[in-house]
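Input: a single structure, listed below in structure tokens.
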Amino acid sequence: MDRHPNGTEPAVATSISTLRALGRLLRLALHVLAGLWTVTRRFPHWDADTRAARIQTWSAQALAILGVAVRVHGEPPAHGPRLVVANHVSWLDILVIDAVRPCRFVAKADVHRWPLLGRLVAGAGTLFIERERKRDALRVVHRLAERLQAGDVLAVFPEGTTSAGATVLPFHANLLQAALATDTPVQPLGVAYRAAGAAPDALARHDAPVYVGDTSLLTSLWRVVRAHDLVACLHWGEAQTAQGRDRRSWAVALRAEVAALAGLPPPID
1 MDRHPNGTEP AVATSISTLR ALGRLLRLAL HVLAGLWTVT RRFPHWDADT
51 RAARIQTWSA QALAILGVAV RVHGEPPAHG PRLVVANHVS WLDILVIDAV
101 RPCRFVAKAD VHRWPLLGRL VAGAGTLFIE RERKRDALRV VHRLAERLQA
151 GDVLAVFPEG TTSAGATVLP FHANLLQAAL ATDTPVQPLG VAYRAAGAAP
201 DALARHDAPV YVGDTSLLTS LWRVVRAHDL VACLHWGEAQ TAQGRDRRSW
251 AVALRAEVAA LAGLPPPID
């Protein structure tokens, strides 16, 4: 928008953007409350397929409220058992993945303590891990193995934390033990956020969803609701088995593949 001599047009545009963002926040809050009611009251009476379908619908609706478009490349898993391994940029990753292919996630125990959202993701079947405690990691690996044997599609973020989206951090190999123990295929997934119309490369990434360092959840959320051109891209790779690799060498190979899928430089450390 060209600047008017008295400077009013940019101010009007800013006001409209702020009002739109506030409207999105209000609608999202109502959507979260509706989701809490559903997981508390309805989920105990529904079978797994019905719950998964509702999670997918709810997640897609949440993204529509936030104004986030989704592009999918490759084929998500049609059925389990499958372990999805993805890079981690934002709290938004879970919504985007669930809107395309509902999964049971492994998340940091801190997420369980988030107001409202913690109860929501717990009700959706998320498994929580205290990453600082090795014994808890073993507990989660056993739990993952049980769910894989039951035929579930699980998703993990082996970086163990979010990154700024410019690179893929080293993968922790522990959770891959569940796939090794159950001979379950692992499917790599590259997650990237772009500006609408941008070329698919790392330089064109959109920073609004980034949730790293001192950035608070509310700050990241506010950036997302203010964005008008945010596109989430999921690049699904081919499912693979260990083929004789141990979990550490497999983690290194998966990290490189996830980086390539996300359009990021090859890891060098």
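Under UniProt numbering, the residue at position 267 of the sequence shown is numbered 267, and the numbers go up by one with no gaps.
By construction, the Cβ of each residue, glycine as well, lies at the ideal position given by its N, Cα and C atoms.
Among residues of its own chain, excluding the 5 on either side of residue i, which ones have a beta-carbon nearer than 6 Å to its beta-carbon?
i	result
L83	L154, A179, T184, V186
T126	F105, A107
S59	L95, D98, A99
G190	H235, V258, L261, A262
S220	Y211
A227	A208
Grab the span of the alpha helix (DSSP H) containing residue i for me, first residue to last.
i	result
H112	109–112
I65	48–66
V121	117–123
S96	Note that residue 96 is Val in the sequence shown here, rather than Ser. From DSSP, the alpha helix (DSSP H) with V96 extends over 92–100.
Which residue comes first and which comes last in the beta strand (DSSP E) that contains residue i?
i	result
V186	186–195
R71	69–73
I129	127–129
L176	No beta strand (DSSP E) holds L176; the alpha helix (DSSP H) holding it covers 176–182.
T86	According to the sequence provided, residue 86 is Ala. The question's Thr does not apply to it. Here the beta strand (DSSP E) through A86 covers 82–86.
If you draw a straight line from the C-alpha of residue i to the C-alpha of residue j, how long is it?
i	j	result
residue 270	A181	The chain is shown from 1 up to 269; residue 270 falls before or after that span and cannot be answered.
L30	V96	19 Å
V140	A109	12 Å
D2	S15	The predicted model places D2 with a pLDDT of 48, which falls under 50 and marks its position as unreliable; any figure quoted below should be read in that light. The alpha-carbon atoms of D2 and S15 are separated by roughly 16 Å.
L138	L148	15 Å
A21	P158	32 Å
H142	G151	15 Å
H4	Q240	Summary for H4: the model assigns pLDDT 49, below 50, so the residue's position carries little reliability; its value from the coordinates is reported in the next sentence. Approximately 58 Å between the Cα atoms of the pair.
G213	R41	36 Å
P265	A192	13 Å
L63	T162	20 Å
G160	N174	11 Å
E238	V225	33 Å
residue 296	R194	What the structure shows of the chain is the stretch from 1 to 269, and residue 296 is not part of that stretch, so it cannot be assessed.
D269	P170	8 Å
V168	R255	7 Å
A251	R113	29 Å
L26	A253	43 Å
R248	G23	46 Å
H172	R205	25 Å
V156	V85	5 Å
Got a sec? Which residues, its chain only, sit under 7 Å from residue i by beta carbon, not counting five neighbours each side?
i	result
I55	D98, P102, A124
R223	A208
V39	L120, G123, A124
R51	F43
Should the segment 90–107 be called in touch with the segment 205–213, which here means at least 3 C-beta pairs below 8 Å?
-> yes
Would you check if there are 3 or more beta carbon pairs closer than 8 Å linking the segment 229–236 to the segment 70–77?
-> yes
Can you give, in chain order, each stretch of the alpha helix (DSSP H) that sits fully within the segment 204–264 and has at least 4 residues?
-> 217–226, 247–261
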